[in-house]
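Trainee: Residue numbers (this note's numbering): -15 to 600.
First the structure, which I've put down as structure tokens, then a few questions once you've had a look.
See the structure below:
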């Protein structure tokens, strides 16, 4: 007995020790722990111990207090009080392919528990005979919401008219609406006289909605982005009038019926090439939709994507738009390419001072890897003194399609590029840094496919550091107080936040390290503002382009390396720091209103401290 007890203690002690080691190993290897440690390390280097305390405080808050599904009883009371004047009626459909009655009930209860009462009803679709009887029993109970069973969308259209409903939305059985959903919806409806599509941010959960594990904080609507990716998702509210006119969702489209509906809605509202799409398709930046996680197979994912592509092709045909769409079943991304009908001349402008090796690498890569043939290269020389670079200029000037022009004034990136544009004859121009290197052969084609569109004013590309981490995947306004590069330091093999590194999308700005624009647009926008000698001139240009009513696009299919800071160096001298502060102040004052509104293509719930799409 004694021996057994002693042996037991040894075993127990060994287990405890093993568990402790395992826990330590887990904590050291966990992503959250690693990220915190990295933030602390770089925080020490950057801002000292105060920053460390701030980081620790933030991490502690996030771990302990940040919950995706939060309901405040006082807020509920406030919403009910302020909603007394709401007079719109909302119909919510529940797709009941899910056979578990408890999941259907969970969705119904979430609708019944809305902060504002007596404005909504529920219709249940695709109800099997097996659960219809149970559902009828539930409908007879006083749950605080009326329940109706329908068989097809024609019945919903009739019921919308019969019940004088203003809007219709549809969820799958098991999905949960936050109690504030209808309040935010009705508040948005009251703001506009237009017939709208209204969508929300969302979380995903498995069993407990309060333990949601994955978020999707979305950007505002862009039609060109929507072609590449269904950024709205499958849940949204649509005005009843439009829903009836379009005949509801097309069930032949199966899992793509929601995507197809939005496309048909844009046709109905004539939103093609219309910058006012945001007036009709509205994004409410609150996570009101909680989607129950379904472990769909790879085949099911591909099937849905293919169905969406079919719907998109039909949309393009109806709109008279020629397009080629390919699909990558590894990344689950569709690649949209608008055929280049007129291969107009593209002039590549490269400022340079000294740095023969950088320039040579850049030009050699253009020559060797560029598939597009109708281009020329204009080097704007800015005060080089070395014999080495002068000799190189003589050599490359002998090649067809390359010329060197001189800017004999001091360094001003904006002025140099403006001078270059005045001395080229290409219909399109590419502003290109001398420290970039071409990766993808179709880089010009991929930028031109968007730049040629009448509604697009500027196009940027994917830039990697030489170690294959991201340097630039577009620009986000507000990061660091001014602007920052999207997904900086992410690995090239990653998809980024909700795959945003993988598909072309409309953004607020892109970098002029590699940017294509029409020469006509460049001149109309006033070129680069020469008050920005070094910093923010490209972002300012993109803001000017958007002010003209044109779009700024980013495409990940044009890939280049950027050997950043080799050419210019960091802001180390007092004079450089002073100039940078001056240009920062100028930008903040010039675009104060736009910056206060926030970036349309980001999300107010995402951090402005880092470039990694973390939650605040």
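Think of the CB as a built atom: it goes at the ideal place given N, C-alpha and C, for glycine as much as any other residue.
With contact counted as at least three CB pairs below 8 Å, one residue from each stretch, are the segment 205 to 224 and the segment 479 to 499 in contact?
Mentor: Contact holds: three or more Cβ-Cβ distances are below 8 Å.
Trainee: Distance check for residue 499 and residue 396, CA to CA, integer angstroms please.
Mentor: Their backbone Cα atoms lie some 18 Å apart in a straight line.
Trainee: Measure from the alpha carbon of residue 226 to the alpha carbon of each residue in 265, 403, 288, 287, then state which is nearest.
Mentor: For residue 226, the nearest C-alpha among the options comes from 265.
Trainee: Do residue 220 and residue 153 have their C-beta atoms closer together than 8 Å?
Mentor: For residue 220 and residue 153, yes; Cβs fall inside 8 Å.
Trainee: Measuring straight from C-alpha to C-alpha, what distance separates residue 375 and residue 547?
Mentor: If you take the alpha carbons of residue 375 and residue 547, they lie about 23 Å apart.
Trainee: Whole angstroms is fine: what's the gap from residue 592's alpha carbon to residue 545's?
Mentor: Distance between the alpha carbons of residue 592 and residue 545 is about 26 Å.
Trainee: Between residue 133 and the rest of its own chain, which residues show a CB-CB distance below 6 Å, the 5 nearest in sequence each way excluded?
Mentor: Hits under 6 Å: 108, 111.
Trainee: For residue 526 and residue 131, I'd like the C-alpha separation in whole angstroms.
Mentor: For residue 526 and residue 131, the distance between alpha carbons rounds to 50 Å.
Trainee: What three-state label does DSSP hand residue 560 in the structure shown?
Mentor: If DSSP states are grouped into helix, strand and coil, residue 560 belongs with the helices.
Trainee: Under the rule that 16 or more other beta-carbon atoms within 10 Å means buried, what is residue 301, buried or exposed?
Mentor: Answer is exposed; the Cβ neighbour count stays below 16.
Trainee: From 351, 197, 420, 435, pick the residue whose C-alpha is nearest to that of residue 446; which is it?
Mentor: Out of 351, 197, 420, 435, 420 has the C-alpha closest to the C-alpha of residue 446.
Trainee: Would you check if there are 3 or more beta carbon pairs closer than 8 Å linking the segment 281 to 300 to the segment 229 to 249?
Mentor: Judged by Cβ distances under 8 Å, the segment 281 to 300 makes contact with the segment 229 to 249, as three or more pairs qualify.
Trainee: DSSP three-state label for residue 96, please.
Mentor: Helix, per DSSP.
Trainee: Does DSSP put residue 346 in a helix, in a strand, or in coil?
Mentor: DSSP places residue 346 in helix when its eight states are reduced to three.
Trainee: How far does the alpha helix (DSSP H) with residue 399 in it extend, from its first residue to its last?
Mentor: Start and end: 397 to 406.
Trainee: Less than 8 Å between the beta carbons of residue 200 and residue 177, yes or no?
Mentor: For residue 200 and residue 177, no; Cβs fall outside 8 Å.
Trainee: Kindly provide the ranges of any beta strand (DSSP E) runs that are 3 or more residues long and lie completely inside the segment 238 to 295, ordered along the chain.
Mentor: List check, beta strand (DSSP E) in window: 265 to 276.
Trainee: Please list the segments of the alpha helix (DSSP H) lying wholly inside the segment 138 to 176, counting only runs of 4 or more residues, in order along the chain.
Mentor: Counting whole runs of 4 or more residues, the segment 138 to 176 contains the alpha helix (DSSP H) stretches 165 to 175.
Trainee: Beta-carbon within less than 6 Å of residue 360's beta-carbon, same chain only, minus the 5 sequence neighbours each way: which residues are those?
Mentor: The answer, listed in chain order, is 331, 385.
Trainee: If you check the beta carbons only, do residue 568 and residue 519 fall under 8 Å apart?
Mentor: Yes, they are a contact pair.
Trainee: From residue 191 to residue 276, what distance separates their C-alpha atoms?
Mentor: Roughly 8 Å separates the two Cα atoms.
Trainee: Per DSSP, residue 431 forms a beta bridge with which residues?
Mentor: Answer is none; residue 431 lacks a bridge partner.
Trainee: What separation, rounded to the nearest whole angstrom, lies between the Cα atoms of residue 273 and residue 78?
Mentor: Rounded to the nearest angstrom, the two C-alpha atoms are 13 Å apart.
Trainee: Can you tell which of 435, 229, 162, 163 has the C-alpha that lies nearest to the C-alpha of residue 322?
Mentor: Minimum Cα distance to residue 322 is reached at 435.
Trainee: Identify the continuous alpha helix (DSSP H) that holds residue 539 and give its terminal residues.
Mentor: Counting along the chain, residue 539 falls outside any alpha helix (DSSP H), though it belongs to the beta strand (DSSP E) covering 535 to 546.
Trainee: Would you mind reading off the limits of the alpha helix (DSSP H) that contains residue 104?
Mentor: Taken as a continuous stretch (DSSP letters only), residue 104 belongs to no alpha helix (DSSP H), being part of the beta strand (DSSP E) at 104 to 109.
Trainee: Can you tell me which of the three DSSP states residue 582 falls into?
Mentor: It is coil, neither helix nor strand.
Trainee: How would you call residue 41, buried or exposed, if buried means at least 16 neighbouring beta carbons within 10 angstroms?
Mentor: No answer about residue 41 holds up, because its pLDDT of 49 lies below 50 and its placement is not dependable.
Trainee: For residue 81 and residue 87, what's the separation of their Cα atoms in angstroms?
Mentor: For residue 81 and residue 87, the distance between alpha carbons rounds to 11 Å.
Trainee: Count the CB pairs spanning the segment 331 to 341 and the segment 409 to 420 that are closer than 8 Å, and state whether there are at least three.
Mentor: With a cut-off of 8 Å, the segment 409 to 420 and the segment 331 to 341 count as touching, because enough Cβ pairs lie within range.
Trainee: Please go through the same chain and pick out, in chain order, the residues whose beta-carbon is closer than 6 Å to the beta-carbon of residue 596, but skip the five residues on each side of it.
Mentor: Cβ neighbours of residue 596 beyond the five flanking positions: none.
Trainee: Give me whichever residues DSSP pairs with residue 617 in a beta bridge.
Mentor: Lying outside -15 to 600, the shown extent of the chain, residue 617 is not represented and no answer is given.
Trainee: Just to confirm my understanding: we take residue 97, look at its own chain, exclude 5 residues before and 5 after, and list those with CB closer than 8 Å. What are they?
Mentor: Contacts found: 128, 163.
Trainee: So, are the CB atoms of residue 161 and residue 94 less than 8 Å apart?
Mentor: Yes, these two residues count as a Cβ contact at 8 Å.
Trainee: Residue 120 to residue 468, Cα distance in whole Å?
Mentor: Going by the C-alpha atoms only, they are around 55 Å apart.
Trainee: Is there contact between the segment 307 to 316 and the segment 229 to 241, where contact requires at least three CB pairs shorter than 8 Å?
Mentor: At 8 Å Cβ cutoff, the stretches do not touch.
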